[in-house]
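Shown next, in structure tokens, is the structure this report addresses.
Numbering (mature numbering (1 follows the signal peptide of the UniProt record, and there is no 0)), first residue to last: -17 to -1, 1 to 146.
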């Protein structure tokens, strides 16, 4: 069985996970696939899109083919809301601290799974937005992997809101 099939077999064992379509960033595309947990997807404008609810804890996993070797990386995660780019609170974190498998150092030509966690905060506006996840070399800023994920944020029926 090839390595990619093994990785995705492991990724699909998560409850409510879904492999989602993504758009590559301008920096090139080394991403082989993306899984979001939880993801209640729907077709929006002809594109399968994850619906995320306020107060959900989200796990994003991306299988990448490393384009270069390295050991010091940073994760950048932003959402574009109403034409404003907003960084996630844990943007800037080092994926080598337990969020890359196999562990760092990364070797060129090998497949890795990058993991990023974030919470959908209650004050995030509802509607459609793009989330960008990128992992880059801390020194050179070369991209290890980068994706744009369209998502829909919805109110959580279990929460109380002030109108």
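The C-beta atom is built at its ideal place from N, Cα and C for all residues, glycine as well. Fair warning: this is a prediction, and the values are worked out from it, not measured in the lab.
{"Asked": "Ignoring anything shorter than 4 residues or poking outside the segment 57 to 136, list the alpha helix (DSSP H) runs there in chain order.", "Found": "none"}
{"Asked": "Using the rule of at least 16 other Cβ atoms within 10 Å of the residue's Cβ for burial, across every protein chain shown, is residue 95 buried or exposed?", "Found": "buried"}
{"Asked": "The beta strand (DSSP E) with residue 29 in it runs from where to where?", "Found": "No beta strand (DSSP E) holds residue 29; DSSP gives it neither H nor E."}
{"Asked": "Using the three-state DSSP reduction, which class does residue 139 fall into: helix, strand or coil?", "Found": "coil"}
{"Asked": "Would you call the segment 19 to 27 in contact with the segment 82 to 93, where contact means no fewer than 3 C-beta pairs closer than 8 Å?", "Found": "no"}
{"Asked": "Going by DSSP, what residue range makes up the beta strand (DSSP E) through residue 1?", "Found": "1 to 3"}
{"Asked": "Can the beta-carbon of residue 134 be found less than 8 Å from the beta-carbon of residue 35?", "Found": "yes"}
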